[in-house]
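*Asks:*
In this note's numbering, the protein residues as written are 12 to 205.
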């Protein structure tokens with residue numbers, strides 16, 4: 012902004028200098044005309060008028076060169092401002108991307124925590140199932156012993172034992188499935204950690 016302001020001031024100054032050079036040129040021309048009218052007495056004055064005219068022309072040419080330089084400077088200044096705005100936009104976009112990445116990281120961390128909690132719950136359920144299985148097996152052994160002692164109800168007890176054994180097998184299968192799920196979940200969690 013400061014550079015742009017200075018460029019405008021220089022344009023104003025160049026305009027003033029150009030006007031002065033043009034007026035000086037006119038004055039030199041008028042002086043040359045008057046010197047010609049004066050004849051022999053105006054020869055010295057004519058030389059001075061010619062030099063003033065040459066200076067006026069040089070001033071005009073210099074002003075044109077400076078004006079061209081000022082315009083180039085203004086163009087470069089505008090390009091620099093545009094580049095700075097582009098850089099600022101890129102920077103803001105990068106900040107936005109960083110914030111998005113941070114948000115995704117937090118989501119992943121939360122998902123890992125929830126997965127870990129689920130693993131703990133599955134572990135606890137597996138322990139409880141194992142405990143229940145042992146209790147049922149103990150009960151089955153007791154029933155089996157009773158069945159052997161009580162021959163009158165042995166067929167009925169046998170059928171009951173078979174049903175209980177089938178139930179135990181189902182529980183054992185469920186326990187194995189839960190264990191397998193737990194192992195797969197742990198492998199997934201390890202992949203996230205890496």
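From the three backbone atoms N, C-alpha and C, an ideal C-beta is built for every residue, glycine too.
These numbers come from a predicted model, not from an experiment.
Would you decide whether residue 83 is buried or exposed? Buried here means 16 or more other CB atoms lie within 10 Å of its CB.
*Replies:* Residue 83 sits at position 72 when you count from the first residue of the chain shown. Burial call: exposed.
*Asks:* In angstroms with no decimal places, state the Cα-to-Cα distance between residue 62 and residue 43.
*Replies:* Here residue 62 is taken as the residue at index 51 of the chain shown, counted from 1. Here residue 43 is taken as the residue at index 32 of the chain shown, counted from 1. The alpha-carbon atoms of residue 62 and residue 43 are separated by roughly 10 Å.
*Asks:* Count the other C-beta atoms from every protein chain shown that fall within 10 angstroms of the C-beta of residue 150, then say buried if there are 16 or more, exposed otherwise.
*Replies:* Numbered from 1 along the chain shown, position 139 holds the residue referred to as residue 150. With fewer than 16 other Cβ atoms within 10 Å, it is exposed.
*Asks:* Sorted by chain position, which residues of the same chain lie with C-beta nearer than 8 Å to residue 39's C-beta, five sequence neighbours on each side aside?
*Replies:* Your numbering for residue 39 matches position 28 in the chain shown. Excluding residues within five positions, the ones whose Cβ falls inside 8 Å are 60, 61, 63, 64 and 67.
*Asks:* Taking residue 140 as the reference, give the member of 192, 184, 98 and 177 with the closest Cα.
*Replies:* Here residue 140 refers to the residue found at position 129 of the chain shown. Of the candidates 192, 184, 98 and 177, the one whose C-alpha sits nearest the C-alpha of residue 140 is 184.
*Asks:* Would residue 81 and residue 25 qualify as a contact pair, given that the criterion is a beta-carbon distance under 9 Å?
*Replies:* By 1-based counting over the chain shown, the position of residue 81 is 70. By 1-based counting over the chain shown, the position of residue 25 is 14. Yes, Cβ-Cβ distance for residue 81 and residue 25 is below 9 Å.
*Asks:* Within 10 angstroms of the Cβ of residue 94, are there 16 or more other Cβ atoms? Answer buried if so, exposed if not.
*Replies:* Numbered from 1 along the chain shown, position 83 holds the residue referred to as residue 94. Burial call: exposed.
*Asks:* Is it the case that the stretch 192-203 contacts the stretch 127-142, given that we only count it when at least three CB pairs across the two stretches are under 8 Å?
*Replies:* yes
*Asks:* Please classify residue 23 as buried or exposed, where buried requires at least 16 neighbouring CB atoms within 10 angstroms.
*Replies:* Here residue 23 refers to the residue found at position 12 when the chain shown is read from its first residue. The residue in question, residue 23, is exposed, as its Cβ has fewer than 16 Cβ neighbours within 10 Å.
*Asks:* Can you give, in chain order, each stretch of the beta strand (DSSP E) that sits fully within the stretch 63-148 and has at least 3 residues?
*Replies:* none
*Asks:* Would you call the CB atoms of residue 71 and residue 41 closer than 9 Å?
*Replies:* Here the question's residue 71 lines up with position 60 in the chain shown. Here the question's residue 41 lines up with position 30 in the chain shown. Going by C-beta atoms, residue 71 is not nearer than 9 Å to residue 41.
*Asks:* Go through its chain and collect everything with a Cβ distance to residue 179's Cβ below 8 Å, but skip five positions before and after it.
*Replies:* Within the chain shown, residue 179 is the residue found at index 168, counting from 1. Correct list, in chain order: 144, 147, 148 and 151.
*Asks:* Hey, how far is the Cα of residue 197 from the Cα of residue 113?
*Replies:* As a working mapping, residue 197 is identified with position 186 in the chain shown. As a working mapping, residue 113 is identified with position 102 in the chain shown. Each residue's Cα considered, the two are about 24 Å apart.
*Asks:* Measure the C-alpha to C-alpha separation of residue 176 and residue 186 and round it to an integer number of angstroms.
*Replies:* Residue numbering aside, residue 176 sits at position 165 when the chain shown is read from its first letter. Residue numbering aside, residue 186 sits at position 175 when the chain shown is read from its first letter. Computed Cα separation, rounded: 15 Å.
*Asks:* Within 10 angstroms of its Cβ, does residue 153 collect 16 or more other Cβ (buried), or is it exposed?
*Replies:* For the purposes of this step, residue 153 is taken as residue 142 along the chain shown, with counting starting at 1. So residue 153 ends up on the exposed side.
*Asks:* I believe residue 57 touches residue 47 by the beta-carbon criterion, under 8 Å. Please report the beta-carbon distance rounded to the nearest angstrom.
*Replies:* To locate residue 57, count along the chain shown from 1; it is residue 46. To locate residue 47, count along the chain shown from 1; it is residue 36. With 8 Å as the limit, residue 57 and residue 47 qualify as a contact, their Cβ atoms being about 7 Å apart.
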